[in-house]
Each structure stands twice: as structure tokens, then as C-alpha cells.
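Undergrad: Using the working numbering, read the sequence shown as starting at 18 and increasing by one per residue. All C-beta atoms in this analysis are idealised placements derived from N, C-alpha and C, irrespective of residue type, glycine included. These numbers were taken from a predicted model, which means no experiment stands behind them. Mind looking over this structure? Questions follow.
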Amino acid sequence: MSQQIRFDGKVAIVTGAGNGLGRAHALLLGSRGAKVVVNDLGVTTEGVGSSSAAADAVVAEIRALGGEAVADYNSVTEGEKIVATALEAFGTVDILINNAGVLRDSSFHKMTEEQWDLIQDVHVKGAFRLTHAVWPIMRDKGYGRIVMTASGAGIFGNFGQCNYSTAKSGLIGFANSLAIEGASKNIRVNTIAPIAASRMVIASGIFPEELHAKLKVEDVAPLVGWLCSEDCQDTGGLFEVGGGFHAKYRWERSQGRFLHTDSLSPELVRDNWERITRFDEHSVHPANGGESFKELFERMESRAVGGNQYVDMEVAANAVATLETEYTQTDAALYALAVGAAKDPLDRTELLYINEFKGEEFRVLPTMAVLPATQVFLKAILAGKPTLEGLELPFAKGLHGEQYTEMYRPLPPAAKLKHTMRLKQALDKGKSSVSVLEIHTTDEHGTPLCYNEFTSFYVGVPGAGLQRVASAPAEALPERAADAVIAEKTDVNQALLYRLCGDWNPMHVDPDYAAKAGYEKPFLHGLCTFGYAGRHVIKAFCNNDSRLFKSIRVRFAAIVMPGDTLETRMWRESPTRVVFETRAVERDVVVLKGGSVEIFEQVPA
18 MSQQIRFDGK VAIVTGAGNG LGRAHALLLG SRGAKVVVND LGVTTEGVGS SSAAADAVVA
78 EIRALGGEAV ADYNSVTEGE KIVATALEAF GTVDILINNA GVLRDSSFHK MTEEQWDLIQ
138 DVHVKGAFRL THAVWPIMRD KGYGRIVMTA SGAGIFGNFG QCNYSTAKSG LIGFANSLAI
198 EGASKNIRVN TIAPIAASRM VIASGIFPEE LHAKLKVEDV APLVGWLCSE DCQDTGGLFE
258 VGGGFHAKYR WERSQGRFLH TDSLSPELVR DNWERITRFD EHSVHPANGG ESFKELFERM
318 ESRAVGGNQY VDMEVAANAV ATLETEYTQT DAALYALAVG AAKDPLDRTE LLYINEFKGE
378 EFRVLPTMAV LPATQVFLKA ILAGKPTLEG LELPFAKGLH GEQYTEMYRP LPPAAKLKHT
438 MRLKQALDKG KSSVSVLEIH TTDEHGTPLC YNEFTSFYVG VPGAGLQRVA SAPAEALPER
498 AADAVIAEKT DVNQALLYRL CGDWNPMHVD PDYAAKAGYE KPFLHGLCTF GYAGRHVIKA
558 FCNNDSRLFK SIRVRFAAIV MPGDTLETRM WRESPTRVVF ETRAVERDVV VLKGGSVEIF
618 EQVPA
């Protein structure tokens with residue numbers, strides 16, 4: 018059995034010790050060797066009258082147990098007199114239990130100033146006067162144990178107890194600050210919130226009578242005994258205790274959300290309220306003010322910019338989505354057909370994208386690199402989850418705005434791929450939002466193959482609260498005539514063919530879905546048009562050898578209807594760089610603008 022906790026040689030003051038909780042504390046300390054000052058004014062629970070009988074009776078009980086004790090009948094509002102009693106009788110003070118209290122319950126609209134002041138005087142000022150008197154003693158000797166008595170009303174509030182709740186809550190703050198100031202002097206200060214059928218509780222009628230026997234005041238004293246012991250090093254704690262139950266409270270702060278200060282407004286706070294007030298696995302529990310500020314300032318220094326009701330930048334900026342996909346040679350051939358390759362089935366260079374019997378000569382169009390990356394989005398949508406944690410922009414309102422794809426080496430005829438997606442940027446475009454997602458792709462062995470950036474515009478989804486960045490102007494095209502022009506007519510069922518490659522967005526196949534989104538009919542996938550344009554550049558400037566294709570960047574300017582003729586005008590700006598623009602001929606609409614392609618000088622290993 019472990020060694021018994023004793024208080025031999027220690028001097029303790031217990032206020033309100035004539036009855037209830039105070040009596041239980043005094044008896045426990047006295048029975049274990051402490052010299053106890055039993056303070057009790059002898060008033061009623063309302064603070065009326067005075068009597069020495071209660072304190073004298075407890076002193077007699079302690080002496081009967083073989084302990085030492087003296088009575089004190091002073092009010093806690095004259096705490097220095099109680100401390101003087103301890104010094105006169107025992108020469109010092111080691112332990113102070115601020116337990117005394119009275120009630121003046123009343124609904125707030127009926128509460129008088131006298132009822133308010135009395136509660137503050139007894140509970141708060143009384144604790145101050147006593148603690149202020151023992152503090153220099155404890156500091157000089159480098160030892161002290163202080164316990165404050167709060168209550169559930171001080172933590173949560175209670176009807177008819179505004180005065181009492183304020184006082185008890187004040188004691189919690191008082192103890193927390195004392196714990197900090199006394200730490201270096203070995204003064205430990207803690208607070209209890211007892212659940213017990215004390216004299217005041219019974220008088221208030223808070224608990225049903227059948228609970229009184231289960232909530233004995235004696236069940237609170239053991240925790241107080243531990244907090245007052247020399248071995249206990251806890252300080253600044255708030256403990257709930259009663260009926261054998263023991264627990265510690267702590268502060269919890271929701272993760273909250275930083276809002277972009279350039280656009281702060283009551284409306285922005287309103288729109289972010291759910292995330293500001295949400296308690297989840299990202300909530301924090303600061304142990305003290307220093308820890309709280311440290312965590313907050315670290316987030317200020319390192320945080321991603323902005324956030325709103327659709328984007329939690331602090332979460333999304335650190336979120337990662339991964340996916341594994343694979344494709345076969347047949348998949349690569351299907352993609353080539355879906356973006357218009359081999360319109361001339363006798364073009365031997367085009368057949369290299371289609372004919373699996375070509376062996377090592379078989380080529381994979383590099384723009385197919387967008388397809389497996391697209392699966393990261395679509396898989397999340399099927400699962401009913403955001404594309405990335407913290408990113409909840411509505412899929413149905415998204416339009417593909419820009420695309421950048423870079424190849425590190427040619428895609429093999431068949432491969433197993435690993436994709437890692439992160440949020441690069443989330444931007445405020447006034448009445449719309451923009452997200453830029455980056456996806457790194459490797460083969461199954463971890464060898465980098467390609468990189469994609471998907472930029473999506475969410476029309477009608479306000480971006481307030483996110484970073485605001487001016488759009489870079491599209492690169493001006495050369496004024497001279499194009500160095501190459503290729504025009505190809507798409508089939509009326511081109512979207513139906515392209516979606517078989519895995520991009521199943523119903524916007525491109527379902528007339529009803531498209532009509533609900535405000536379109537006359539389904540339109541061609543932007544990435545299908547992207548594939549056409551990339552293939553045109555390869556054909557015009559790479560001798561139709563897709564292995565020389567390094568990167569492509571483009572903006573989607575308008576939708577393409579299946580059956581449109583796509584004309585790509587191209588200008589060679591250097592041996593390794595081509596700029597281009599693609600338009601739908603029949604409607605004379607530019608559908609891809611700001612296009613540029615980088616070309617390898619030689620096929621990479």
C-alpha cells in the first residue's frame with residue numbers, strides 16, 4: 018500500500034469550517050496531523066447572525082481525534098484577523114482553503130445592489146483578504162497550498178444566481194493568476210467545483226432530496242486533501258468533484274478561421290460562423306495564456322491566406338489527396354481517337370497512337386496526362402466528399418478555367434500511376450471563386466512522370482475572405498500570319514466518345530442536366546478541346562512525335578459544341594516554344610486562348 022498522505026507540522030486555515038464542506042476539510046486535515054484554524058462566523062446560509070458554536074464543535078472533534086485546532090469567529094471580509102489567529106496559535110500558515118460563502122439568490126431583474134455586494138464581499142473580497150494576508154508568509158518560506166471553492170454556477174451560470182455565478186467565476190480567474198505568480202515560490206493554487214449536499218445547496222433546493230445521501234460533503238474532502246499535500250504539484254487547475262466522481266476541466270478553443278483582413282465585414286463573419294464555432298479534431302486546448310497566444314501567433318505567421326464558408330485555407334492548404342490509377346494500351350488508343358487522332362486512317366504517324374502492333378513505336382499523347390488526374394476529382398464526388406479536406410466549393414458550379422500540364426518524360430504505353438493532389442491557391446474573384454489544384458504523378462516505382470495544374474472558376478460562389486490576386490493578362494499573339502494552321506471538324510457524338518475515357522461529368526452527356534445548369538444542350542469537354550490543340554501543335558512542330566512535347570498552358574474561353582470545327586492557329590516563337598489560339602470556326606468564337614507549348618530539343622530519356 019502506498020504511503021499515507023500526512024500534514025504533520027503543517028498549519029491550515031479552513032474558512033466556513035463549522036458545517037458542510039469546510040467541516041469535512043478541517044476534519045480530514047486535522048486527523049492527518051495538520052494544525053487547523055477552524056474559521057466560522059456562525060451565520061445562516063443567508064449570512065445572517067453569528068455564533069461560535071459551530072466552530073467550537075469542529076475544534077472539539079479534531080481534538081478528539083488527537084489533532085490540534087483553534088476556533089476563529091471573524092468574517093472572511095476581515096481575513097487578516099483570521100491569519101492573525103493562526104500566527105498567534107501556531108506561528109505560520111501553510112495551507113489556505115477558501116470555502117466560506119453565503120447565498121442571496123434572486124432573478125436579476127429583482128436583484129438589489131445589497132444582494133450583489135454581499136456575495137462579492139464574502140466570496141471574492143473575503144478570498145482576497147485572506148490570500149493577501151497569507152501570501153507574503155508563503156512566499157518567504159517558499160511553500161504554500163491554496164484551494165478556492167467555485168461551483169458549477171461559476172462555470173456555466175445559473176438562473177437566479179447572477180451574483181453568485183459572478184463571484185464563483187471570479188475565484189477561478191483569481192486562482193489561475195495566483196498559480197502563475199506563486200509557481201516559482203512553490204505555492205500551488207487550485208480550484209474545486211464541488212457537487213455536494215452542503216448546507217447552502219440543501220437550502221437552495223438545487224438537488225432533489227433523494228440525491229442528498231449520494232452527494233455527501235465528506236466525498237469532496239479527499240480531493241482537497243490531495244491538492245493541499247506537499248506531493249501535489251498541480252497548480253492552476255479546476256476540478257469537479259462529488260459523489261466519488263473526480264475530473265479536471267480544461268479550456269477548449271475551436272480551430273476557428275482566419276478571415277482575410279482586406280475584406281472583413283459582419284457578413285463575412287456570418288458566412289463563416291459555422292467554421293468559426295465548430296469544435297472538432299482540429300480544436301486546441303491551451304493550458305495557459307502563453308500557450309494560447311503562442312499557438313495563435315504561430316498560425317498567424319504560417320497560415321495560408323484567407324478563408325470563407327467554402328474554403329478553410331488552414332485545413333485545405335495542408336490537405337493531401339492521393340489516388341492510384343492505371344491504364345492500358347487500349348485506353349491510350351481510345352483517348353487518341355477521342356481527341357480526333359487518325360481522322361486519316363492512312364496517316365502512318367497518326368496510327369502510332371492507335372495501333373498496338375507497332376510495339377516500341379507506339380506513342381501516347383501527352384495530353385492524356387490530364388485524365389488520371391481528373392479521376393482524383395471524380396472519385397471524391399462519387400464518395401460525396403470534398404475534393405480536398407477544407408475545400409468544399411460546389412462541383413456543379415465549377416468551370417474549368419485554365420490548364421497547365423508538364424511532362425517529365427513520355428508516357429509509357431501502359432502504366433500504374435500514383436497521384437498526389439494539393440491546393441496551390443484559392444482566390445477571390447469578386448462574385449466568383451477560383452481554386453488552383455496541383456497534381457504530381459509518378460509511376461508505381463515513384464519515378465516522376467508529369468505535373469498538372471487545374472484552375473477552376475466557381476461562378477456565383479463569392480470569394481470574399483480569400484486572397485485577391487489580379488489576373489495576369491493573356492499573352493498577346495504575334496501580329497504576323499500564323500506559322501501553321503490546322504482545322505478539324507469534331508463529330509456530333511465527340512463528347513460521348515471522350516467520356517468513355519473516364520471523364521463522366523453529366524454536363525457533357527445529359528441534356529436535362531445541362532439545361533438545369535443553364536446550357537442549351539450538352540457541350541464538349543474542355544479537356545477534349547485541349548487534347549485537340551495539343552495534338553495540332555505536335556503535328557505541326559514536332560513532326561507528330563509526341564515524345565518531344567514538354568508542357569502546355571491554356572485558358573478555356575468558351576464552350577465547344579460537338580460538331581464544331583476546331584481551328585488552331587500557331588506561331589513558333591523559338592525553337593522550343595509555340596503559342597497558339599483555337600476557335601470554333603462555324604460560330605467564330607475563340608475557345609482556347611493564351612495557349613503556349615514548350616518543346617523538348619530532343620526526346621528525354
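From the DSSP output, in three-state form, read off ILE569 for me.
TA: strand
Undergrad: When you compare only the Cα positions, how much space is there between LYS98 and ASN91?
TA: 7 Å
Undergrad: State the DSSP-derived secondary structure class of PHE173, mapped to helix, strand or coil.
TA: helix
Undergrad: Threshold first: 4 residues or longer. Then list the alpha helix (DSSP H) segments lying entirely within the stretch 84-138, N to C.
TA: With a minimum length of 4 residues, the continuous alpha helix (DSSP H) runs that stay inside the stretch 84-138 are 96-107 and 130-136.
Undergrad: So what does DSSP say about PRO383, is it helix, strand or coil?
TA: helix
Undergrad: In the DSSP assignment, find the beta strand (DSSP E) that holds GLU378 and state where it starts and stops.
TA: GLU378 -> no beta strand (DSSP E), and no H or E assigned at all.
Undergrad: Looking at the structure shown, is ALA264 part of a helix, part of a strand, or coil, going by DSSP?
TA: strand
Undergrad: Taking the alpha-carbon positions, what's the ILE22 to TYR327 distance?
TA: 56 Å
Undergrad: Taking 8 Å as the threshold, find out whether the stretch 431-449 comes into contact with the stretch 597-617 through three or more Cβ pairs.
TA: no
Undergrad: With 16 other CB atoms within 10 Å as the buried threshold, where does PRO539 fall?
TA: buried
Undergrad: Do ASN180 and GLN132 count as a contact pair if the criterion is CB distance below 8 Å?
TA: yes
Undergrad: Residues in its own chain within less than 6 Å of ASP89 by CB, not counting five upstream and five downstream?
TA: VAL54, ASN56, ILE99 and THR102
Undergrad: Excluding the 5 residues preceding and the 5 following GLY177 in the sequence, name in chain order all residues of the same chain whose CB lies nearer than 7 Å to its CB.
TA: ASP122, SER123 and SER124
Undergrad: Between the stretch 464-480 and the stretch 358-365, are three or more C-beta pairs nearer than 8 Å?
TA: no
Undergrad: May I ask which residues mark the beginning and end of the beta strand (DSSP E) holding ILE456?
TA: Taken as a continuous stretch (DSSP letters only), the beta strand (DSSP E) holding ILE456 covers 449-460.
Undergrad: Note down, one range per segment and in chain order, each beta strand (DSSP E) of at least 3 residues found wholly within the stretch 309-357.
TA: 338-344
Undergrad: Are there three or more Cβ pairs, one per stretch, closer than 8 Å when the stretch 341-356 is compared with the stretch 518-532?
TA: For the pair of segments examined, the stretch 341-356 was found to touch the stretch 518-532: the number of CB pairs separated by less than 8 Å reaches three.
Undergrad: Does the stretch 586-601 come close enough to the stretch 403-420 that 3 or more CB-CB pairs lie under 8 Å?
TA: In this structure the stretch 403-420 does not touch the stretch 586-601; the number of beta carbon pairs closer than 8 Å is below three.
Undergrad: I'd like the list of long-range same chain contacts for MET424, defined as Cβ closer than 7 Å, with 5 residues on each side in sequence excluded.
TA: PRO383, ALA386, CYS467, PHE566, LYS567 and SER568
Undergrad: Does the Cβ-Cβ distance between GLY306 and PHE275 come in under 8 Å?
TA: No, Cβ-Cβ distance for GLY306 and PHE275 is not below 8 Å.
Undergrad: Could you name the residues that DSSP lists as bridge partners for VAL53?
TA: ALA29 and ALA86
Undergrad: Tell me whether the stretch 24-39 and the stretch 68-77 touch, counting them as touching only if at least three CB pairs, one residue from each stretch, are closer than 8 Å.
TA: yes
Undergrad: Tell me whether LYS190 sits in a helix, a strand or coil according to DSSP, three-state version.
TA: Reading off the sequence, residue 190 comes out as Gly, not Lys. Looking at GLY190 - three-state DSSP - the assignment turns out to be helix.
Undergrad: Could you spell out the range, first to last residue, of the alpha helix (DSSP H) harbouring CYS559?
TA: Where CYS559 is concerned, there is no enclosing alpha helix (DSSP H), given that its DSSP letter is neither H nor E.
Undergrad: Quick check on GLN272: does DSSP put it in helix, strand or coil?
TA: coil
Undergrad: May I ask which residues mark the beginning and end of the alpha helix (DSSP H) holding LEU44?
TA: That run of the alpha helix (DSSP H) goes 37-48.
Undergrad: Along the chain, where does the alpha helix (DSSP H) containing HIS149 start, and where does it finish?
TA: 143-158
Undergrad: In angstroms, rounded to a whole number, what distance separates the CA positions of SER271 and SER309?
TA: 12 Å
Undergrad: Under 8 Å by Cβ, that's how I've got ALA213 and VAL237 pegged, so tell me the actual separation to the nearest angstrom.
TA: 5 Å
Undergrad: For LYS142, which option in LEU513, LYS556 and MET165 has the closest C-alpha, if you only look at C-alpha atoms?
TA: MET165
Undergrad: Within 8 Å, do at least three Cβ pairs link the stretch 245-260 to the stretch 151-170?
TA: yes
Undergrad: VAL110 and VAL151: beta carbons closer than 8 Å?
TA: yes
Undergrad: Smallest Cα separation from VAL28: which of TYR160, VAL119 and ASP138?
TA: TYR160
Undergrad: Which residue or residues does DSSP assign as beta-bridge partners of TYR468?
TA: GLU423 and HIS457
Undergrad: Let me know if VAL486 comes out buried or exposed under the rule of 16 or more other beta-carbons within 10 Å of its beta-carbon.
TA: Exposed, because fewer than 16 other Cβ atoms sit within 10 Å of the Cβ of VAL486.
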